[in-house]
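Working notes, beginning with the structure itself.
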Amino acid sequence: MLSRKKGPRKPSKSATSSFAGVSQAAGEDQQIHLLDSGAVKRELDEGSIRAAKAAGLREDHFVSNVKILLGLLTCSIAAVAQFYPRKHPDNWWLLLCCVVAYATCTAALNLFLLRFEGEVFFFSQSRKDLPALKFIAKMPRYSDQYTLLISKRGEQDHPNSILHLMPWLAVLKSCIPGLHSTKSSQSSDQAEMTHSATKYFHSDGYLNQALLSEDVQQLLRQPNLSSKGKSL
């Protein structure tokens, strides 16, 4: 656990360096209750995303966009069932269709999340020296050990066909056990680190973004994550 003196917070030299890419103060604006493991993990995930973006990675919004579209479609179906001008029982056929469509869209959304998202909290786009990556974090309940896994995205993570855009069929094709799994990537295509969460937080609950960024960007320099197979 890092200790800090009372008084106004000032960004350190390492926080303002080009390496960190983001100010330490920006990562420490939110105070976290250190006994809330969920809040601690969320803050570490957000800090890892900031570190990745500071390293020049751009987020791939495909999964988020599909989630939004399926959510809007589901809400639209519910709105039609609610505000259709004809009253029950004259509109029973419409209500039946809406119930079936609503259940289908909800199932499609959940299957899509299982198939393409799973435990991943950040997808990145590819660039010249790095392939498309996915970030997975784990922090067991009642434990302070935070594990960050960065791995290359396989073909199953790149929806590039009509079949992949129909999540319920994609899952059936993979025979259910083929749902998104963190074990799908080979160990040679991933980099992993495990540290105590106390390493990245001051005693008053503020995140040390510069220290977290250093460790995350060190993972990104691992040669097995490079498109060229050598250290960045």
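In the working numbering, the protein residues as written are 14 to 245.
The beta-carbon is built from N, C-alpha and C at its ideal position, and this holds for glycine as well.
ask   = What residue from 96, 89, 97 has the CA that sits closest to residue 115's CA?
value = 89
query = According to DSSP, is residue 159 helix, strand or coil?
reply = strand
message = Buried or exposed for residue 81, going by 16 or more other Cβ atoms inside 10 Å?
response = exposed
query = If you run the structure through DSSP and keep just helix, strand and coil, what is residue 219?
reply = strand
key: Sufficient close CB pairs (3 or more, under 8 Å) joining the stretch 200-217 to the stretch 120-137   = no
query = Mind checking residue 137: buried by the 16 CB within 10 Å criterion, or exposed?
reply = buried
task = Grab the span of the alpha helix (DSSP H) containing residue 95 for me, first residue to last.
result = 75-96
request  = Take residue 237 and list the residues in its own chain whose beta-carbon comes closer than 8 Å to its own, dropping the five residues that flank it on each side.
outcome  = 201, 202, 203, 204
Nearest neighbour of residue 162, chosen from 231, 127, 128, 97 [CA to CA] = 231
key: As assigned by DSSP and simplified to three states, the class of residue 70   = coil
ask   = The alpha helix (DSSP H) spanning residue 107 covers which residue range?
value = 105-125
ask   = How long is the line joining the alpha carbons of residue 233 and residue 67, rounded to whole angstroms?
value = 12 Å
message = According to DSSP, simplified to helix, strand and coil, what is residue 62?
response = helix
ask   = Cβ of residue 10 within 8 Å of Cβ of residue 210?
value = With the chain represented from 14 up to 245, any question about residue 10 goes unanswered, as that position is not in the structure.
C-alpha distance - residue 164 paired with residue 113, whole-angstrom precision = 38 Å
request  = Identify which residue in 85, 84, 111 has its Cα closest to the Cα of residue 96.
outcome  = 111
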